[in-house]
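What follows is a set of notes on a single structure, which appears directly below.
Number of protein chains: 2
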Amino acid sequence: MEPYTYNNTHESIHPPQHCKKELCDLDYSQDPPRILSNYLVHAPRPFNAEPHLPLLINSGSITPEDVFFKRNHGPIPNIQLEDHTVYIGIQRGLHDNQGQPAPVEWKALDMNDIMTKWPKVTITASLQAVWSGPRLCDILHSVVGVPQELHHEMIRNFHVAFEADDHVKEDACYGSSIPLRKAMDPLGDVILAYEMNGKPLTRDHGYPLRVIVPGYIGARSVKFLQKMIVQPQESSSFFQVDSTNVDSAWDSSPSLGEMNVQCVICTPMDKEVILSSQPVTVKGYAIAGGGRAIYRVELSIDGGKTWEPVDKIEQTPDRVSGMYWAWALWEKEVSKLHTTSQLVVRAYDSSGNMQPEFPIWNYRGVMNNAWFRVSNVIQMPQHNM
Amino acid sequence: MEPYTYNNTHESIHPPQHCKKELCDLDYSQDPPRILSNYLVHAPRPFNAEPHLPLLINSGSITPEDVFFKRNHGPIPNIQLEDHTVYIGIQRGLHDNQGQPAPVEWKALDMNDIMTKWPKVTITASLQAVWSGPRLCDILHSVVGVPQELHHEMIRNFHVAFEADDHVKEDACYGSSIPLRKAMDPLGDVILAYEMNGKPLTRDHGYPLRVIVPGYIGARSVKFLQKMIVQPQESSSFFQVDSTNVDSAWDSSPSLGEMNVQCVICTPMDKEVILSSQPVTVKGYAIAGGGRAIYRVELSIDGGKTWEPVDKIEQTPDRVSGMYWAWALWEKEVSKLHTTSQLVVRAYDSSGNMQPEFPIWNYRGVMNNAWFRVSNVIQMPQHNM
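Same order as they appear, the protein sequences are chains A and B.
One point on numbering: in UniProt numbering, the residue at position 129 of the first sequence is 129, and numbering is uninterrupted.
One point on numbering: in UniProt numbering, the residue at position 28 of the second sequence is 28, and numbering is uninterrupted.
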């Protein structure tokens, strides 16, 4: 496929502006139907739910859309594919020659452009779906002329801000940004996805278009994508600055992006009663940030006093970039659980990073990756009734 | 500077072969003189020493050669610059068509080639010196034709093995390898250094040529470089397989490469007596792997019960790649120490990785990055004598 060159029409483009909504002005009546029994629902409006863990692990290595976690900040927008425009802007500096904020030069793409003008690539990324769409680096290069040379000063110092076509109460819309370096890294695998698991995105998962930033915290993978701006500073969105910059004491600190190493026991669950005297297979997943592999997973059945490596870890690198964006599924057979057993799991990534025993970074409670614990599992033999 | 194209002479090159030495055959009589008072010497032969920590931190942000740590596995070779040849080989697969081990095709460079044919770049990398020499990616591309496209299958799956022109008792020579992807990454900053802090390398630090692999454990930055082989598997050297593969239970696990996040208190030291009633400035350094920044450093003066962020952290990214290869220097003023005080420090990197409280990955004791502790510091007012 020939590299696509965006045709600069020289018309002046002004994308629509959202504005912050009052709580009472947010209309949830058009939210899509959901299979609530698959989820532990944390809040109905905005809809925030995580799958029941045994269901998550038992769906196989690819999570179906109706089991995949759902995290929202407002009503799900009701967007028609044929009406949707994606605006791409570039702001070449903070200020112009007069000291005023530098202007953003805008271009516009429709969904047909997005879906036909650049090669469609497919990546598997946590929390574990197959996503397809064009590479963000290809679009930014051909539409607004971002250089592809990783050493270029713009790549080193700029960011790409994303804005959703939605309404929320905290800001004009959901917004976030990632370093331009991540966006342009040929091994970074950032894509604009219009398909999840081989089908068009569902509304809950960002229809018609969302960003997928593998190896980064989920808050950067903006749904209902409407605007992207290449700019010299991070996004000033509430969701970038206030909710994920864990340490406001240091203004110079970048917001968090890459995930840290995490590990979860999916089965058995807290207080589960296992009616069998057979060995129990403990299962779960682990994932690290930045495309790093899961190197080791250890399980304790005595609350963390003694540890053994798990029996099996399966993790597949991306077939093109070779990066470990996908989760590792692990399991371990345990011969006998005691009723007072506390199961604890911890993982190490390929850079020797490991999970801490206790959550110790808790300015805002994000990125807590302390050892995962499951308590009060009771195993007893099954008698004839 | 025009990209240099290596002139393939088509002659058959056979690099010299080393062989494993008995302990009694290792001759240390030609080791260079050293300023022993700067060091805590762990072993005289092979010479292994680390600088006294207050000296390390008080030398400024760049460590002089005679304070920089020294780690060896045998006698320091006595190499003449004008006699030294670097051999570069490529093995295109594991086996040839007959099922025999695939041959290595060799090329040879002298030090004049290394020092004049490719642009000289300079990086600052832990444990903190300024290193200069050509980029390894430039050499591998022009000498043995390694593709520069990061998505190329060879880049994803191959390794570069390094061998030193030295003699050790564990193997034929010191050897190690890194993934070819790290070597070819334009932001990876792997260089072949012939200068340290603006002067030719000293013999203790690898004269005439060494590899510098920023963001990786020091064991990969091979000194006295004599051979490099691009090959489909990791180095089979003792120093790659046995001493840094922490978990021999899993053959499929790669050896460790990237460093994890570490932090050290350089001053005060264990059992130091501070004759002053003034506030004490605690100082140290922190560093993470993979070019990640140090995001936060916290100090406890009560053995880890309560924590405060330090007052100041200074870390400078590489001016070209923007990666954080250099250490972060931090300090915090403490108003009063108690004689029973235990100082503890811990750091977090920009991916949210943090140090664990206790060393928990100890198959071989490598990459222990538990919280660093300084005990029994005594502060008392200075009286007139």
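Note that beta-carbon positions come from the ideal geometry of N, C-alpha and C, so glycine has one too.
Predicted, not measured: the structure shown is a model, and the values here were computed from it.
*asked:* Taking a contact to mean a Cβ-Cβ separation below 8 Å, would you say B/Leu225 touches B/Val104 in this structure?
replied: The residue you call residue 225 of chain B lines up with position 225 of the second sequence. The residue you call residue 104 of chain B lines up with position 104 of the second sequence. Cβ atoms of B/Leu225 and B/Val104: not closer than 8 Å.
Local conformation of A/Thr122 per DSSP, three classes:
As a first step, residue 122 of chain A must be located in the first sequence, where it is residue number 122. Reduced to three states, the DSSP call for A/Thr122 is strand.
With DSSP collapsed to three states, give me the class of A/Phe162. Counted from its first residue, the first sequence places residue 162 of chain A at position 162. The answer is strand: DSSP assigns A/Phe162 an E or B state.
TODO: Using a Cβ cut-off of 7 Å, pull out every chain A residue sitting near B/Val320, in sequence order please.
DONE: Position 320 of the second sequence, counted from the first residue, corresponds to residue 320 of chain B. His151, listed in chain order.
When you compare each of A/Thr316, A/Val374, A/Asn157, A/Thr340 to A/Thr124 by their alpha carbons, which one comes out closest? Residue numbering aside, residue 124 of chain A sits at position 124 when the first sequence is read from its first letter. Among A/Thr316, A/Val374, A/Asn157, A/Thr340, the Cα nearest to that of A/Thr124 belongs to A/Thr316.
For this session: Taking B/Glu357 as the query, report the chain A residues whose CB atoms sit under 9 Å from its CB, ordered along the chain.
Result: Walking along the second sequence from the start, residue 357 of chain B turns up at place 357. Neighbours of B/Glu357 on chain A, chain order: Pro356, Glu357, Phe358, Ile360.
*asked:* Output needed in chain order: residues of the region 256–274 of chain A with a Cβ under 9 Å from some Cβ in chain B.
replied: Leu256, Gly257, Glu258, Met259, Asn260, Val261
- [ ] Give the secondary structure of A/Gln382 by DSSP, where H, G and I count as helix, E and B as strand, and everything else as coil.
- [x] Position 382 of the first sequence holds residue 382 of chain A. Three-state DSSP puts A/Gln382 in coil, outside helix and strand.
- If you compare alpha carbons, which of B/Val280, B/Ala326, B/Val241, B/Val264 is closest to B/Ala293? The residue given as residue 293 of chain B occupies position 293 in the second sequence. Among B/Val280, B/Ala326, B/Val241, B/Val264, the Cα nearest to that of B/Ala293 is on B/Ala326.
Is there a Cβ of chain A sitting closer than 8 Å to that of B/Ser59, yes or no?
Against the second sequence, residue 59 of chain B aligns to sequence position 59. Closer than 8 Å: no.
Might you give, ordered along the chain, the residues of its own chain that have their beta carbon closer than 8 Å to the beta carbon of B/Tyr216, omitting 5 neighbours on each side?
-> Here residue 216 of chain B corresponds to residue number 216 of the second sequence, with the count starting at 1. Taken in chain order, the residues that qualify are Ile178, Lys182, Gly257, Glu258, Met259, Gly289.
#### Entry: Neighbour flag for B/Leu337 against chain A, beta carbons, 8 Å
Within the second sequence, numbered from 1, the residue matching residue 337 of chain B stands at position 337. No, no contact with chain A.
Should A/Asp166 and A/Arg34 be called a contact, given that it needs their Cβ atoms to be closer than 8 Å? Position 166 of the first sequence, counted from the start, is the residue given in the question as residue 166 of chain A. Position 34 of the first sequence, counted from the start, is the residue given in the question as residue 34 of chain A. Cβ distance not < 8 Å, so A/Asp166 and A/Arg34 don't count as in contact.
Q) Do B/Tyr285 and B/Ser350 come within 8 Å of each other at the CB atom, strictly closer than that value? A) Position 350 of the second sequence, counting from 1, holds the residue named residue 350 of chain B. Position 285 of the second sequence, counting from 1, holds the residue named residue 285 of chain B. Contact flag unset, no.
| Expected contact under 8 Å - CB spacing of B/Gly291 and B/Met323 to nearest Å | For this step, residue 291 of chain B is matched to residue 291 along the second sequence. For this step, residue 323 of chain B is matched to residue 323 along the second sequence. Confirmed, about 3 Å.
**Request:** Assign B/Gly74 to buried or exposed, taking buried as 16 or more other Cβ atoms, counted over all protein chains shown, within 10 Å of its Cβ.
**Result:** For the purposes of this step, residue 74 of chain B is taken as residue 74 along the second sequence, with counting starting at 1. Looking at its Cβ environment, which holds 16 or more other Cβ atoms inside 10 Å, B/Gly74 is buried.
Notebook entry, point to check: By the 10 Å Cβ neighbour count, where 16 or more other Cβ atoms means buried, how is A/Asn362 classified, buried or exposed?
Noted result: Taking the first sequence and counting its residues from 1, one reaches residue 362 of chain A at position 362. Bear in mind that a pLDDT of 47 at A/Asn362, under 50, signals an unreliable position, so the model cannot answer this.
Exposure of B/Ser252, with buried meaning 16 or more beta-carbon neighbours within 10 Å:
As a working mapping, residue 252 of chain B is identified with position 252 in the second sequence. Note on B/Ser252: pLDDT 45, under 50, position unreliable in the model; the coordinate value appears next. B/Ser252 comes out exposed.
Where A/Met380 falls, given that 16 or more other Cβ within 10 Å makes a residue buried: Taking the first sequence and counting its residues from 1, one reaches residue 380 of chain A at position 380. So A/Met380 counts as exposed.
Practice problem: Rank B/Leu343, B/Ile378, B/Met354, B/Phe47 by C-alpha distance to the C-alpha of B/Phe372 and give the top, closest one. | Solution: Position 372 of the second sequence, counting from 1, holds the residue named residue 372 of chain B. It is B/Leu343.
Assuming A/Ser132 contacts A/Leu329 (C-beta within less than 8 Å), just tell me the rounded distance between them. On the first sequence, residue 132 of chain A is found 132 positions in, with the first residue counted as 1. On the first sequence, residue 329 of chain A is found 329 positions in, with the first residue counted as 1. Rounded, the Cβ-Cβ distance is 22 Å, inconsistent with contact.
- Query: Is the CB of B/Pro186 under 8 Å away from at least one CB in chain A?
  - Reply: As a first step, residue 186 of chain B must be located in the second sequence, where it is residue number 186. Yes, contact with chain A.
B/Thr267 classed as buried or exposed, judged by whether at least 16 other C-beta atoms fall within 10 angstroms
Your numbering for residue 267 of chain B matches position 267 in the second sequence. Buried, since its Cβ has 16 or more Cβ neighbours within 10 Å.
Practice problem: State the Cα-Cα distance for the pair A/Leu56 and A/Phe68, rounded to the nearest angstrom. | Solution: On the first sequence, position 56 is the one that residue 56 of chain A refers to. On the first sequence, position 68 is the one that residue 68 of chain A refers to. Straight-line Cα distance between these residues: approximately 8 Å.
Taking the straight line between their C-alpha atoms, what separation do you get for A/Pro359 and B/Pro356? Residue 359 of chain A sits at position 359 when you count from the first residue of the first sequence. Residue 356 of chain B sits at position 356 when you count from the first residue of the second sequence. In a straight line, the C-alpha of A/Pro359 is about 11 Å away from that of B/Pro356.
My understanding is that A/Arg220 touches A/Ser176, with C-beta atoms under 8 Å, so please give their C-beta distance in whole angstroms.
-> Within the first sequence, residue 220 of chain A is the residue found at index 220, counting from 1. Within the first sequence, residue 176 of chain A is the residue found at index 176, counting from 1. Contact holds; Cβ gap of about 5 Å.
- Item | Strand pairing of B/Gly133, partner residues [DSSP] | Translated into the one-based positions of the second sequence, residue 133 of chain B becomes position 133. In DSSP, B/Gly133 forms a bridge with B/Val121.
Item to complete: Compare the Cα-Cα distances from A/His151 to each of B/Asp185, B/Cys263, B/Asp25, B/Ser142 and report the closest residue.
Response: Taking the first residue of the first sequence as position 1, residue 151 of chain A is located at position 151. The shortest C-alpha separation from A/His151 is found at B/Asp185.
Ends of the alpha helix (DSSP H) at B/Asp204? The residue given as residue 204 of chain B occupies position 204 in the second sequence. Taken as a continuous stretch (DSSP letters only), B/Asp204 belongs to no alpha helix (DSSP H), as it is neither H nor E.
In chain A, which residues lie less than 8 Å from B/Met367 when you measure between Cβ atoms?
Within the second sequence, the letter at position 367 stands for residue 367 of chain B. Correct list: Gly352.
### Query
When the Cα of B/Asp311 is compared with those of B/Ser335, B/Val320, B/Met154, B/Val230, which residue comes out closest?
In the second sequence, residue 311 of chain B corresponds to position 311, counting from 1. If we check each option's Cα against that of B/Asp311, B/Ser335 comes out closest.
(Q) My assumption, with CB atoms under 8 Å, is that A/Ala102 sits in contact with A/Gln91. Please give the rounded CB distance. (A) For the purposes of this step, residue 102 of chain A is taken as the residue at position 102 of the first sequence. For the purposes of this step, residue 91 of chain A is taken as the residue at position 91 of the first sequence. So it is a contact: roughly 5 Å between Cβ atoms.
(message) Is A/Gly303 close to chain B? Criterion is C-beta to C-beta, closer than 8 Å.
(response) The residue given as residue 303 of chain A occupies position 303 in the first sequence. Closer than 8 Å: no.
inquiry  = Looking at chain A, is there any beta carbon in it that lies within less than 8 Å of the beta carbon of B/Gly290?
reply    = Here residue 290 of chain B corresponds to residue number 290 of the second sequence, with the count starting at 1. Judged by the 8 Å Cβ criterion, B/Gly290 is in contact with chain A.
request  = Please decide whether B/Arg181 counts as near chain A, where near means a Cβ-Cβ distance under 8 Å.
outcome  = Reading the second sequence from its first residue, position 181 is the one you call residue 181 of chain B. Yes, because at least one Cβ of chain A sits closer than 8 Å to the Cβ of B/Arg181.
(message) In whole angstroms, give me the CA-to-CA distance for B/Arg364 and A/Lys20.
(response) As a first step, residue 364 of chain B is located in the second sequence; it is residue number 364 there, counting from the start. As a first step, residue 20 of chain A is located in the first sequence; it is residue number 20 there, counting from the start. At B/Arg364, the pLDDT of 48 sits below 50, so the modelled position is not reliable; the number obtained from the coordinates is stated separately. Looking at the two C-alpha atoms, the distance is approximately 56 Å.
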